[in-house]
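Everything below concerns the one structure shown next.
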Amino acid sequence: MKILFVASECAPFVKTGGLADVVGALPKALGSSGGAARVILPAYPALAEVAATGREVWRQDDLHGGPARLLSCRSDGLDLLLLEAAHLYNRPGNIYLGPDGQDWPDNAQRFGALSFAAAAVAMGALADWQPDVVHAHDWQAGLVPAYLRQHPGPTPPCVMTIHNIAFQGLFDPSLMTPLGLSSSLYTPEGMEYFGRIGFLKAGIACAEKITTVSPTYARELMQPEFGMGLEGLLRARGADLSGILNGIDLDVWDPETDADLVTPYSAKRLKAKARNRDAVVTRFGLATDRDGPLFCVISRLTTQKGLDLLLDVLPVLAARGARLAVLGSGDKALEAGFVAAAHAHPGAVGVIIGYDEPLAHLMQGGSDAILIPSRFEPCGLTQLYGLRYGTLPVVARTGGLADTVIDANEAARTAKCATGVQFAPVTAAALEQAVHRTCDLYAQPSEWAAMMRRAMRHPVGWDVSAQAYHDIYAGLLGAPEPQA
Ligand code: ADP
């Protein structure tokens, strides 16, 4: 079965969030269940070296104002189709934002072009390869199912995955014609979103199947509090919507082999984790004489992630003898808030503003607990890394966080199945209680160690989920649906 993945980011080449991790890992995981996937993504400057090894397989003289071509190449275990279009993608910095921090004004053309090229491949533009199924990810790939829908001939079926409904790709309707979209699709049941073109809405309306990245988020998305205006359409398409948890790449995130750790460790050799903790403490300028847990945050700093609530709780965290190491960037007010908090709580709170992949690994290796107080969280990956590294997740009970962490309530502790702490509602008061509960648990070393070992055994790889995607593709191709 041949699958074409369409996405704007893919680890390890270009990443701004969890989408990249999924697009980098799932094609490999599918390989082991009999799928053969290729990933189409823009040839950003970060991919220049890989693109230089590519073979041209398709070209277009004018794609939104300049020439474009697809280069077929292989790197890091992935088969890639890189869309080279210098006028659209050859720009420094963030792949979505200009130097002013605003979306690039031509993002509709940039990602419309990606979808257009992907649809061309799906319709048979390459001499030697045509996918059986197209798998489009997030709004940047949302036009693929629309282009396929308006094609008069037969086309492969399409799966649309929503990684985060907060990002919808909304643009002026005057772009319908320049993007080559049929006006018949511009309806409230189709791609019109309150007077604008919605790229993600187009994908949801036109794809044969829709998935999102956890069962709880799939249910939440059909409610007005979470659906961001698309809940009605998603309810209407409920029979075609499913939630499949993300996995993580177990080779990249493995405390026994992680080259970014000071000392590797395992569930059998937990004591070695302490040396990684010392390294985190030093790196963040934290005090060495506190006996509470070392919490970490590794996150985009945005209101989605609920980190404004954490700022309110820091005096309690510090008073409990705990420490907090924060790595992140994003909202300028939150960045400033955490920098000020580090000054207000010297030794208890340390902050590094920025994006640093090796440091994220070290923090997972060296922290006792990872805090994720998100207001909504489609799946979340950092709690999965936390489980694998025995860094117990302290999470809001929402989306994928609710589906992957077992709260240490009395029943779960008695049944010996707890792997972390959940709290609800997402308020500073509930988060404060969660911090207290975590500190209390940490003060019981044998129970804490048992939870760590249990968390490290919790399955967080791709096996089960890759099979679930495989079953969806197979269902679309008419193969018998798997038995429940
Ligand atoms: P989202 O996709 O909403 O940002 P996820 O938890 O799904 O959240 O994925 C975030 C990914 O980005 C994880 O792999 C996490 O380790 C990584 N990450 C987030 N912020 C940073 C940072 N400042 N430095 C390094 N890695 C980060």
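First residue of the sequence shown? That's 40 in the working numbering, and the numbers climb one at a time after it. Even for Gly, the Cβ is constructed at its ideal location relative to N, Cα and C. Computed from a predicted structure; not experimentally measured.
Taking the beta strand (DSSP E) that Cys197 belongs to, which residues open and close that run?
197–201
Please indicate yes or no: does the CB of Leu396 lie closer than 7 Å to some heavy atom of the ligand ADP?
Checking the sequence, you will find Glu at residue 396 rather than Leu. Result yes, Cβ under 7 Å from the ligand ADP.
Please report the Cβ distance between Leu348 and Pro303, rounded to the nearest whole angstrom; I am assuming they are in contact, meaning their Cβ atoms lie under 8 Å.
Not confirmed; about 34 Å, so no contact.
Cβ pair Met267, Ile204 closer than 8 Å
yes
At a cut-off of 7 Å, is Thr466 close to the ligand ADP when judged by its beta-carbon and the heavy atoms of the ligand?
no
Residues in its own chain within less than 7 Å of Gly56 by CB, not counting five upstream and five downstream?
Arg339
Taking 7 Å as the cut-off, is the CB of Leu346 close to at least one heavy atom of the ligand ADP?
no
Near Ile287, which residues of its chain fall below 8 Å by C-beta distance, leaving aside the five closest residues on each side in sequence?
Asp60, Ala64, Leu420, Leu423, Tyr424, Arg427, Val499, Gly500, Trp501
Local conformation of Glu396 per DSSP, three classes:
helix
Measure the C-alpha to C-alpha separation of Pro106 and Arg98 and round it to an integer number of angstroms.
8 Å
Which residues in the same chain have their Cβ closer than 6 Å to the Cβ of Lys67, if we skip the five residues on either side of it in sequence?
Gly116
Label Thr430 either buried or exposed according to how many other C-beta atoms from any shown protein chain fall within 10 Å of its C-beta, with 16 as the threshold for buried.
buried
Among the residues of its own chain, which have a CB less than 8 Å from the CB of Cys456, if the five just before and after it don't count?
Ile445, Arg493
Would you mind stating whether Gly376 and Leu350 have Cβ atoms separated by less than 8 Å?
yes
What whole-angstrom Cβ distance do Ala76 and Phe44 have, given they're in contact under 8 Å?
6 Å
Using 8 Å for Cβ pairs, my map puts Leu300 next to Phe334. What's the rounded Cβ distance?
Leu300 to Phe334, Cβ: 18 Å. No contact.
Let me make sure I understand the geometry here. Which of Phe206, Gly237, Gln207, Trp168 has the alpha-carbon closest to that of Leu220?
Gly237
Would you kindly work out how many angstroms separate the C-alpha atoms of Val388 and Ala318, rounded to a whole number?
15 Å
So, is Pro184 buried or exposed, given that buried needs 16 or more other C-beta atoms within 10 angstroms?
buried
Continuous alpha helix (DSSP H) stretch holding His475: start and end
467–481
So which of Leu363, Pro354, Trp292 has the shortest CA-CA distance to Arg316?
Leu363
Within the continuous beta strand (DSSP E) that includes Thr55, where are the two ends?
Taken as a continuous stretch (DSSP letters only), Thr55 belongs to no beta strand (DSSP E), as it is neither H nor E.
Determine the direct distance from the alpha carbon of Arg436 to that of Ala525, and round the result to whole angstroms.
Nothing about residue 525 can be reported from this structure: the residues present for the chain run from 40 to 523 only.
Alpha helix (DSSP H) containing Ala161: first to last residue?
146–161
For the candidate residues Pro385, Cys418, Gln343, Ala298, whose alpha-carbon lies nearest to that of Gln403?
Ala298
Could you tell me if Thr251 is buried or exposed, where buried requires 16 or more neighbouring beta carbons within 10 angstroms of its beta carbon?
buried
Cβ neighbour criterion (16 or more within 10 Å) applied to Thr296:
exposed
For my contact list, Leu187 and Ala158 are in at a C-beta cut-off of 8 Å; report their separation, rounded to the angstrom.
6 Å
Please go through the same chain and pick out, in chain order, the residues whose beta-carbon is closer than 7 Å to the beta-carbon of Met215, but skip the five residues on each side of it.
Ser222, Tyr225, Ile236
What runs of the beta strand (DSSP E), each 3 residues or longer, lie entirely inside the stretch 331–397?
333–340, 362–369, 388–392
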